[in-house]
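Listed in order, the protein sequences are those of chains A and B.
Using the working numbering, the first residue of the first sequence is number 71, and each one after it goes up by one.
Using the working numbering, the first residue of the second sequence is number 71, and each one after it goes up by one.
To start, the structure under review is shown below, and the notes come after it.
There are 2 protein chains.
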Amino acid sequence: MLSLHQLTCFLTTYEHRSLTRAAEELGYAQPSISEQVRNLEKSLGVQLFRRVGRGVVPTTVADTLRPHAEKVLAAVDEAEHAVAGARSLETGTIRFGMFGAARFYAGAGLVADVLGRYPGVRVELVGQNSADVAEHLRRGHLEAAMIAVGNLESEGLAITPVARDELVYISADPDRLAAPVTAHRLAQASLVMAETTWRQTDSTRVVLRRMLHDTGRNPPTRIEVEEIETAVELVERGLADSVINKGAALQLLPRLAPSAGWVPLRPRQYDTYAVVHRADATLSPAARLMIALATERIQTIAEPL
Amino acid sequence: MLSLHQLTCFLTTYEHRSLTRAAEELGYAQPSISEQVRNLEKSLGVQLFRRVGRGVVPTTVADTLRPHAEKVLAAVDEAEHAVAGARSLETGTIRFGMFGAARFYAGAGLVADVLGRYPGVRVELVGQNSADVAEHLRRGHLEAAMIAVGNLESEGLAITPVARDELVYISADPDRLAAPVTAHRLAQASLVMAETTWRQTDSTRVVLRRMLHDTGRNPPTRIEVEEIETAVELVERGLADSVINKGAALQLLPRLAPSAGWVPLRPRQYDTYAVVHRADATLSPAARLMIALATERIQTIAEPL
DNA sequence: GCCAGCCCTAGGCTTTCCCTATATCTCGGG
DNA sequence: CCCGAGATATAGGGAAAGCCTAGGGCTGGC
């Protein structure tokens, strides 16, 4: 079988027109180079050098092989450099999981942070929902993620809470914003809720269900939509109220619902943001970087834990 | 150290997302593939796959490495094909030695023969003079050659005569062409001779010297030139006569010296054409091809031996 | 909760790698 | 013409890598 070492020995011998000098340059004994070249000739089925008295002379087949051998070694070199670049985060891809709502806190800013420090990398922020992200982690497609966890239970995943964010009640009706919203009042509200597809695992809903559990009711969701922006716009039109993260409210209300406002729940409810990865994993430098940056950014907005 | 085998194992594992299936495809036991991939990761200093329960999942570094690994293996494939092509004479270079005068008999036609049968090859006909060619053979730069040998002696070279060609006297003066030229008359002639640089070893001159040896004289060369064409033109102008190969005379006189003619020497003198190669060499297919074609072509013009 | 699938580890056999020592050959010089 | 320097080939042995079988542990599906 043809090997890289054989090609290296061949090229060095070709350049020096000498097995002995090739051996010196490569740091081997002369018979070793001789053996490698002989094996290469054997595996190719052709003579590459004529052994002629003092020294060796390349055949025309050696002339033919040379540029190809150089190309192979150059490609190997490129491969090694590419990996080294990815290792030092100069190039390559950094993939990080991020739950939808977390984007309001750390999405664009986090990407900017990474690109600012490592301009050569590609960044992938994947995951639409915490359950989605957890599945990616479980299957190994993601190394680590920052997600909102309503319920802190999970098998095989190491969860490190880093910040909490309050859930607030938003409405276009000033009367309903006069005082903090209790579980009792919440149970009577007419709500629009986002993340329909993930309604079972969406962390906001998990928190609300727990809050209402004492009253024995489910959150009264009159309207189900996918995008939180859609929900906010419906609130603006007065078609329903909603409960969303405070961070999202601060960002979205001025833009999408200028006539709406927000009040806390009573008792106050919190979504928890946490770093998650497989419990048994040893994290790569890239993952540790993303965790640090995402944590920092989340904690500048939400309340650190 | 990184190896081709490691890259192969990596790529197959990458494609199948499984060490076991990669092992099946490559025909190895699964632990062998595991070891190769582990060694590749170790030599690159990065993790390429996350071992996650059932199967393995490529990391982003693996995504980065993959195209480079493919390029390396493709380059290896190209190298092997290039050598195979050269081996079967579909591509590559055929280098063959040929003494200057032999070109009149086999030069262009020989090249045409080779290209007709193997359209993809490059052909190099090297050598200006028999001594020059012999030196190339001795140093191993040439594998085999067809040369004119005035003296059949040589150390370490295997010489196989294949044809002989008569030397003829050419002149623009009809009087001097009335009868065959004896050594006595030749010694009185005023000659122009080609191949000045190689005058000591030029086979024509060696033959003439031997012819004149009985008279104790050297050939009376009045004019020395390099190119035989120049010599023929000088003959046309009547400035001197010359002795050249009959084959060259038949080709050159009509074109360059229409008013000149030729007569044999007495006794007739012959140049011998021979296949030459290193005595210890085992000839490549390409060399054997060239020898066969050159011999055939020479023997259609000169007198076979 | 069991079973099947997949990966890892362990141990041993085989091959490759690479070394030193030695033989053979060529070339150049006395 | 022989002899020494220089270059390659051969021989043999120790170290390392490759590869296999057997078995252990973990995961995921039924």
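Even glycine gets a Cβ: it sits at the ideal position worked out from N, Cα and C.
Fair warning: this is a prediction, and the values are worked out from it, not measured in the lab.
If you drop the 5 nearest sequence neighbours on each side, which residues of the same chain put their C-beta closer than 8 angstroms to that of ASN199(B)? Closer than 8 angstroms at the Cβ level, and outside the excluded window around ASN199(B), lie PHE169, GLY170, GLU265, THR267, TRP268, THR271, ASP272.
GLY197(B) (DSSP reduced to helix, strand or coil): Note: GLY197(B) maps to coil in three-state DSSP.
So what does DSSP say about HIS211(B), is it helix, strand or coil? Reduced to three states, the DSSP call for HIS211(B) is coil.
Could you work out which residues of chain B lie near LYS112(A), taking near to mean beta carbons separated by less than 9 angstroms? Those do not exist, as LYS112(A) stays about 12 angstroms from chain B at its closest Cβ, beyond 9 angstroms.
Option in THR163(B), LEU375(B), VAL191(B), LEU322(B) with minimal Cα separation from ALA233(B): LEU375(B)
For GLU306(A), collect the residues of the same chain with a Cβ closer than 8 angstroms to its Cβ; drop the 5 residues on either side in sequence, then sort them by chain order. Excluding residues within five positions, the ones whose Cβ falls inside 8 angstroms are ALA242, LEU326, ALA327, PRO328, SER329, ALA330.
Would you please verify whether the beta carbon of THR82(B) is less than 9 angstroms from any beta carbon of chain A? no
Indicate whether ILE240(A) and ILE314(A) have their beta-carbon atoms separated by less than 9 angstroms. Between ILE240(A) and ILE314(A), the CB-CB gap stays under 9 angstroms.
Coarse secondary structure for ASP284(B), derived from DSSP in three states: helix
Please report the straight-line C-alpha distance between LEU110(B) and ARG367(A), rounded to a whole angstrom. Whole-angstrom Cα-Cα distance: 36 angstroms.
Look at the alpha carbon of THR252(A) and the alpha carbon of VAL277(A), and state the distance between them as a whole number of angstroms. When rounded, the distance between both Cα atoms is 14 angstroms.
Exposure of MET71(B), with buried meaning 16 or more beta-carbon neighbours within 10 Å: exposed
Kindly indicate which residue of ALA372(B), ILE103(B), VAL116(B), LEU135(B) has the alpha-carbon position closest to the one of LEU320(B). Just measuring C-alpha positions, the residue of ALA372(B), ILE103(B), VAL116(B), LEU135(B) sitting nearest LEU320(B) is ALA372(B).
Roughly how many whole angstroms lie between the Cα atoms of ILE361(B) and THR352(B)? ILE361(B) and THR352(B) have their C-alpha atoms some 13 angstroms from each other.
Three or more beta-carbon pairs under 8 angstroms between the stretch 126-141 of chain A and the stretch 148-160 of chain B, yes or no? yes
Taking its Cβ as the centre, do 16 or more other Cβ atoms sit within 10 Å of LEU89(A), making it buried, or is it exposed? buried
One question on the structure: do LEU261(A) and THR291(A) come within less than 9 angstroms of each other, judged by their Cβ atoms? Result yes, Cβ atoms of LEU261(A) and THR291(A) sit closer than 9 angstroms.
For GLU148(B), return the contacting residues in chain A, with the cut-off set at a CB-CB distance below 9 angstroms. HIS138, LYS141, VAL142
CB contact check: GLN117(B) to chain A, cutoff 9 angstroms: Look at GLN117(B): its C-beta is under 9 angstroms from a C-beta on chain A.
Any idea what DSSP makes of VAL126(B), helix, strand or coil? Looking at VAL126(B) - three-state DSSP - the assignment turns out to be strand.
Flag this pair as touching only if the stretch 176-186 of chain B and the stretch 176-194 of chain A have three or more C-beta atom pairs under 8 angstroms; answer yes or no. As far as the Cβ criterion goes, the stretch 176-186 of chain B does not touch the stretch 176-194 of chain A, which means the pair count is below three.
Return helix, strand or coil for PHE169(B), following the three-state DSSP convention. coil
Find the residues of chain A that neighbour ARG165(B), judging by a C-beta separation of less than 7 angstroms, and give them in chain order. THR130
Short Cβ contact (9 angstroms threshold) for VAL131(A) with ARG157(B): Using a Cβ distance threshold of 9 angstroms, VAL131(A) and ARG157(B) count as a contacting pair.
Would you say VAL126(A) faces chain B, with C-beta separation under 9 angstroms as the test? yes
I need the boundaries of the beta strand (DSSP E) containing TYR239(A), first residue and last residue. Segment 227-241, the beta strand (DSSP E) holding TYR239(A).
Given ALA364(B) as reference, the closest of ARG165(B), VAL116(B), TYR98(B), GLY210(B) once Cα atoms are compared: ARG165(B)
Please list the segments of the beta strand (DSSP E) lying wholly inside the stretch 327-357 of chain A, counting only runs of 3 or more residues, in order along the chain. 331-348
Please name the residues in the stretch 199-221 of chain A whose beta-carbon is closer than 9 angstroms to at least one beta-carbon of chain B, in chain order. ARG208, ARG209, GLY210, HIS211, GLU213
CB of ARG124(A) within 9 angstroms of CB of THR163(A), strictly: no
Specify, as a first and last residue, the run of the alpha helix (DSSP H) that THR83(B) falls within. 74-86
For THR134(A) and PHE119(A), which I take to be in contact (beta-carbon distance under 8 angstroms), what is that distance rounded to the nearest angstrom? That pair is no contact at about 13 angstroms.
Tell me which residues share the same chain as GLN106(A) and place their Cβ nearer than 7 angstroms to its Cβ, disregarding the 5 neighbours each side in the sequence. HIS75, GLN76, CYS79
For ARG121(A) and ARG348(B), what's the separation of their Cα atoms in angstroms? 11 angstroms
In this structure, does DSSP put MET360(B) in helix, strand or coil? helix
Kindly indicate if chain A contains any beta-carbon less than 9 angstroms away from that of THR134(B). Contacts with chain A at 9 angstroms (Cβ-Cβ) include THR134(B).
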